[in-house]
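Numbering (my numbering), first residue to last: 2 to 351.
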């Protein structure tokens, strides 16, 4: 990658507001907007200052006023299309009675007025060493253990946010139990958001791995999508890759797109982000333009690459020829940003 390529200028917004109700044909391909992707408000106050109070978790457990969600591995306990949020004090006691007490309790925060929970509701995360059977410890008998991908479409925004936050912090604890400097087991502090080494007193914080995800648009306005796995697979999505140490986000866009499909990006612009804590990613969405019209998959991460006009993409989705990312993902938001409106999915009974 040349210095000129790495320092390519970004595309400037057009200054026009987005109008999702317009037909796709009324907007030019890859039209940019002042508000490029919707900004979803925070639903939980994570209490970065409050959680530094020593003994906060024990205080909340003793208060009888906190709620707790339950996580084991990468699955949460779900009931009636919502996370199980039980009285934290009672649930901990009942779990201990059946020798299934949480191995770690983390403070997730307090519900904001914008959430579906009463404002100020304190929420704890119980991380269990192993799943308990529904019906045990007073938990609903018809509850089930679900992974995020399995249940996300059924959860409301508040419970989705809690699941994502809980998964991110739980994944970090699982993989960072020892001090990276000396190997000593670390102690949990700050409501579960810091681990401290008792040997050298070093503090360790949750990590997030940035990854870029990109809609690449050619000189004729067509969109480049790709996929991995078998050559005859139907799944197509935006291209993505991790940001390397010392690399600017725009440089990562240029490098990853060239490495994966041999396409040279000449300009790019940031559009929005989405947390994807499986295990610890933050997806940073970009749109990019290129003068290239040919794409050559690397055969490793990307095995299939294809250019689509708007009409071609919509027709391919409706016919079942291809499957694109779900509406839960930033990938779908990026694709529909390029499209200029909502892409209709193939009917389930088609």
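The C-beta atom is built at its ideal place from N, Cα and C for all residues, glycine as well.
Run of the alpha helix (DSSP H) containing residue 173, from where it starts to where it stops
Taking the chain shown and counting its residues from 1, the one referred to as residue 173 is at position 172. 158–176 is the span of the alpha helix (DSSP H), which, as asked, contains residue 173.
Among 152, 161, 243 and 308, which one has its Cα closest to the Cα of residue 228?
Position 227 of the chain shown, counting from 1, holds the residue named residue 228. Out of 152, 161, 243 and 308, 308 has the C-alpha closest to the C-alpha of residue 228.
Residue burial classification, residue 116 (beta-carbon count within 10 angstroms, cutoff 16)
Numbered from 1 along the chain shown, position 115 holds the residue referred to as residue 116. With 16 or more Cβ atoms within 10 Å of its Cβ, residue 116 is classed as buried.
Identity of the residue in 287, 70, 99 and 312 nearest residue 250 by Cα:
What you label residue 250 is simply residue 249 of the chain shown in a count that begins at 1. Ranking the options by Cα distance to residue 250, first place goes to 287.
With distances taken from CA atoms, which of 305, 343 and 300 is nearest residue 319?
Stepping through the chain shown from its first residue, residue 319 is reached at position 318. Checking every option, the nearest Cα to that of residue 319 belongs to 343.
Across the segment 322–334 and the segment 230–247, are there enough close Cβ pairs to call them in contact, namely three or more that are closer than 8 Å?
yes
For residue 43 versus residue 69, is the C-beta distance shorter than 7 Å?
Start at 1 with the first residue of the chain shown, and residue 43 comes out as number 42. Start at 1 with the first residue of the chain shown, and residue 69 comes out as number 68. Against a cut-off of 7 Å, the Cβ pair of residue 69 and residue 43 comes out as no contact.
Using three-state DSSP, classify residue 342 as helix, strand or coil.
One-based indexing of the chain shown puts residue 342 at position 341. It is coil, neither helix nor strand.
In chain order, what residues of the same chain lie with their CB nearer than 7 Å to the CB of residue 164, ignoring the 5 residues before and after it?
Residue 164 sits at position 163 when you count from the first residue of the chain shown. The answer, listed in chain order, is 77, 84, 149 and 156.
Would you mind working out which of 114, 332 and 104 sits nearest residue 71, comparing C-alpha positions?
If you number the chain shown from 1, residue 71 lands on position 70. Of the candidates 114, 332 and 104, the one whose C-alpha sits nearest the C-alpha of residue 71 is 104.
Could you give the residue range of the alpha helix (DSSP H) that holds residue 223?
For the purposes of this step, residue 223 is identified with residue 222 of the chain shown, where counting begins at 1. Where residue 223 is concerned, there is no enclosing alpha helix (DSSP H), given that its DSSP letter is neither H nor E.
Quick one: what's got a C-beta closer than 6 Å to residue 271's C-beta in the same chain, skipping five residues either side?
Locating residue 271 in the chain shown gives position 270, counting from the first residue. Only 287 meet the Cβ criterion.
Can you tell me whether residue 336 is buried or exposed, with buried defined as 16 or more other CB within 10 angstroms of its CB?
On the chain shown, residue 336 is found 335 positions in, with the first residue counted as 1. Result: buried.
By alpha-carbon positions, which one of 138, 171 and 221 ends up nearest to residue 280?
Working through the chain shown from its first residue, we reach residue 280 at position 279. For the residues 138, 171 and 221, the minimum Cα distance to residue 280 belongs to 171.
Using beta-carbon positions only, say whether residue 352 and residue 129 come within less than 7 Å of one another.
The structure shown does not extend to residue 352, since the chain is modelled only from 2 to 351, so the question has no answer here.
Looking at C-beta atoms only, is the number of pairs between the segment 287–297 and the segment 260–268 that lie closer than 8 Å three or more?
Below 8 Å, enough C-beta pairs join the segment 287–297 and the segment 260–268 to call them touching: three or more.
DSSP three-state call for residue 95: helix, strand or coil?
Your numbering for residue 95 matches position 94 in the chain shown. In the structure shown, residue 95 sits in a helix (DSSP, three-state: H, G or I).
Where do the ends of the alpha helix (DSSP H) carrying residue 69 lie?
What you label residue 69 is simply residue 68 of the chain shown in a count that begins at 1. Unbroken run through residue 69 is the beta strand (DSSP E), 68–73; no alpha helix (DSSP H).
Residue closest to residue 53, alpha-carbon to alpha-carbon, out of 141, 197 and 252:
Locating residue 53 in the chain shown gives position 52, counting from the first residue. In this structure, 197 is the residue among 141, 197 and 252 with its C-alpha nearest to the C-alpha of residue 53.
Which value, in whole angstroms, describes the spacing of the CA atoms of residue 143 and residue 268?
Taking the first residue of the chain shown as position 1, residue 143 is located at position 142. Taking the first residue of the chain shown as position 1, residue 268 is located at position 267. Approximately 52 Å, taken between the alpha carbons.
Host beta strand (DSSP E) of residue 109 (start-end)
Stepping through the chain shown from its first residue, residue 109 is reached at position 108. Residue 109 -> beta strand (DSSP E) spans 105–112.
Could you tell me if residue 305 is buried or exposed, where buried requires 16 or more neighbouring beta carbons within 10 angstroms of its beta carbon?
The residue labelled residue 305 in the question sits at position 304 within the chain shown. Buried, because 16 or more other Cβ atoms sit within 10 Å of the Cβ of residue 305.
Would you list the residues sitting across from residue 277 in a DSSP beta bridge?
Taking the first residue of the chain shown as position 1, residue 277 is located at position 276. 282.
Determine, using beta carbons only, whether residue 241 and residue 212 come nearer to each other than 7 Å.
Locating residue 241 in the chain shown gives position 240, where the first residue counts as 1. Locating residue 212 in the chain shown gives position 211, where the first residue counts as 1. Taking 7 Å as the Cβ cut-off, residue 241 and residue 212 qualify as a contacting pair.
Length of the line joining the Cα atoms of residue 45 and residue 123:
Position 44 of the chain shown, counted from the start, is the residue given in the question as residue 45. Position 122 of the chain shown, counted from the start, is the residue given in the question as residue 123. Roughly 9 Å between the two C-alpha positions.
Please report the Cβ distance between residue 135 and residue 141, rounded to the nearest whole angstrom; I am assuming they are in contact, meaning their Cβ atoms lie under 8 Å.
Walking along the chain shown from the start, residue 135 turns up at place 134. Walking along the chain shown from the start, residue 141 turns up at place 140. Yes, residue 135 and residue 141 are in contact; Cβ-Cβ is about 6 Å, under 8 Å.
Taking all protein chains shown into account, do 16 or more other C-beta atoms lie within 10 angstroms of the C-beta of residue 349, making it buried, or fewer, making it exposed?
The residue labelled residue 349 in the question sits at position 348 within the chain shown. Of the residues assessed, residue 349 falls on the exposed side of the cut-off, its CB having fewer than 16 other CB atoms within 10 angstroms.
Spatial neighbours of residue 147 in its chain, beta-carbon cut-off 7 Å, leaving aside the 5 residues before and after
The sequence position of residue 147 within the chain shown is 146, counting from 1. Answer for residue 147: 76, 77 and 79, listed in chain order.
Between the alpha carbons of residue 204 and residue 73, how many angstroms are there, rounded?
Residue numbering aside, residue 204 sits at position 203 when the chain shown is read from its first letter. Residue numbering aside, residue 73 sits at position 72 when the chain shown is read from its first letter. Approximately 25 Å between the Cα atoms of the pair.
Short check: CB of residue 166 to CB of residue 118, under 7 Å?
Residue numbering aside, residue 166 sits at position 165 when the chain shown is read from its first letter. Residue numbering aside, residue 118 sits at position 117 when the chain shown is read from its first letter. Contact: no.
Considering just the uninterrupted stretch of the alpha helix (DSSP H) at residue 64, what are its terminal residues?
Mapped onto the chain shown, residue 64 falls at position 63. Where residue 64 is concerned, the enclosing alpha helix (DSSP H) stretches over 57–64.
Compute the Euclidean distance between the alpha carbons of residue 302 and residue 214, then round it to the nearest angstrom.
Against the chain shown, residue 302 aligns to sequence position 301. Against the chain shown, residue 214 aligns to sequence position 213. Cα-Cα distance, rounded: 14 Å.
Test item: CB-CB of residue 209 and residue 92 under 7 Å
By 1-based counting over the chain shown, the position of residue 209 is 208. By 1-based counting over the chain shown, the position of residue 92 is 91. Taking 7 Å as the Cβ cut-off, residue 209 and residue 92 do not qualify as a contacting pair.
Which of the three DSSP states, helix, strand or coil, is assigned to residue 197?
Taking the chain shown and counting its residues from 1, one reaches residue 197 at position 196. Three-state DSSP puts residue 197 in a strand.
Exposed unless 16 or more other CB atoms sit within 10 angstroms - verdict on residue 185:
As a first step, residue 185 must be located in the chain shown, where it is residue number 184. Exposed, since its Cβ has fewer than 16 Cβ neighbours within 10 Å.
Can you tell me which of 222, 201, 158 and 180 puts its alpha carbon nearest to the alpha carbon of residue 112?
Residue mapping note: residue 112 aligns to position 111 of the chain shown, counting from 1. Cα-wise, what sits closest to residue 112 is 158.
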